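Visitor: Counting from 1, position 91 in the sequence shown corresponds to residue 145 in the numbering used here; the numbering is continuous, with no gaps. We put the beta carbon where it would ideally sit given N, CA and C, even for glycine. Just so we're clear, the structure is a prediction, and the values are computed from it rather than from any experiment. Let me give you the structure first, and then I'll get to my questions.
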Amino acid sequence: MTLPLTRRATLAGAAALPLATLTAGSVAAGSHGGSAALPNARSFRLGTMGVTTLLDASFPRDGFKDAFAKDVPAEEFNRITEENFISPDMVQFYFTPTLVDTGAELVLFDTGLGRGGITKALADAGVTPDAIDVVVITHMHPDHIGGLMTDDVPTFPNARYVAGRAEYDGWLSMGQNRVTDVIAGKVTPLAEKTTFIEDGATVAPGITAMAAFGHTPGHMTYRLESGGAQLVLTADVANHYVLSFGVMPKSW
Ligand SMILES: [Zn+2]
55 MTLPLTRRAT
65 LAGAAALPLA
75 TLTAGSVAAG
85 SHGGSAALPN
95 ARSFRLGTMG
105 VTTLLDASFP
115 RDGFKDAFAK
125 DVPAEEFNRI
135 TEENFISPDM
145 VQFYFTPTLV
155 DTGAELVLFD
165 TGLGRGGITK
175 ALADAGVTPD
185 AIDVVVITHM
195 HPDHIGGLMT
205 DDVPTFPNAR
215 YVAGRAEYDG
225 WLSMGQNRVT
235 DVIAGKVTPL
245 AEKTTFIEDG
255 ATVAPGITAM
265 AAFGHTPGHM
275 TYRLESGGAQ
285 LVLTADVANH
295 YVLSFGVMPK
305 SW
């Protein structure tokens, strides 16, 4: 016998599930898309491109309001979190690099925390690290550049790299801090293989950089266009809203 669930119970249950569970069984797309049961990779098509979100890691953190809604009055914050069946205290973080198969190249946007999750998620999508042609960095927070190097060796041995000029220079101009320490270990060793770009640069056919400075000194978003369809990879631009309300993974 199946017990009827109220809408609240159903949604609350769904909200508590890890993304891996929610995305299992999603549709594979692209020539590198993998199988139908993908615990850490979720694919769809955008025109002729294959787009795959890769779950590098996910874990809960406390201090939800301070991190994402500091300026929102407590009463409003509590009302909205309750209406959306999410905890006002804990927030579930998702670290979700994105793979784009252009048909000619495999382009990886961001690399996760650097704890091995990205290569596991790629394996679930049927992709080995040496198959990545281009690694694009949206911005240089550690959870986006951590996977560039593994034990001081490039994780993606055959890739070329793309990152924002203003982002790299902006961080380096600040002097040493927690982030620049990570940049020194993860980005600088690859600087000679990196194309540092400006607003409007074409990364690959159908992939255009768009400056979205603010979250970091030179944060770049990327517009994908294929077959009349468009998508903007924003990375953390929208996360103060989107992540707060648990709508989508962090990368979107
Ligand atoms: Zn960030």
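Using only the alpha-carbon positions, how far apart do Thr-107 and Ala-95 sit?
Guide: Cα to Cα, the separation comes out at about 6 Å.
Visitor: Can you name, in chain order, every residue of its own chain whose Cβ lies under 6 Å from the Cβ of Phe-131, other than the five neighbours on each side?
Guide: Lys-119 and Ala-123, listed in sequence order.
Visitor: Helix, strand or coil: how does DSSP classify Pro-196 here?
Guide: Looking at Pro-196 - three-state DSSP - the assignment turns out to be helix.
Visitor: Keeping to the same chain, check which residues put their C-beta closer than 8 Å to that of Phe-141; ignore five residues upstream and five downstream.
Guide: Correcting the residue identity first, residue 141 is Ser in this sequence and not Phe. For Ser-141, where only same-chain residues beyond five positions count, the Cβ hits under 8 Å are Phe-118 and Thr-135.
Visitor: Tell me, please, which residues DSSP counts as bridged to Tyr-215.
Guide: Answer is Val-189 and Thr-248.
Visitor: Quick check on the contact list: which residues have their beta carbon closer than 6 Å to a heavy atom of ligand 1?
Guide: Taken from the N-terminal end onward, the list reads His-193, His-195, His-269 and Asp-290.
Visitor: What are the boundary residues of the beta strand (DSSP E) that includes Gly-104?
Guide: Per DSSP, Gly-104 belongs to the beta strand (DSSP E) from 103 to 108.
Visitor: Using a 10 Å radius around the Cβ and a threshold of 16 neighbouring Cβ atoms, would you call Asp-110 buried or exposed?
Guide: The residue is buried, with at least 16 neighbouring Cβ atoms inside 10 Å.
Visitor: Restricting to runs no shorter than 3 residues, where is the beta strand (DSSP E) found entirely within the stretch 259 to 292?
Guide: DSSP runs (the beta strand (DSSP E)) wholly in the stretch 259 to 292: 261 to 265, 274 to 280 and 283 to 287.
Visitor: With C-beta atoms as the reference, is Gly-201 less than 8 Å away from Leu-153?
Guide: Going by C-beta atoms, Gly-201 is not nearer than 8 Å to Leu-153.
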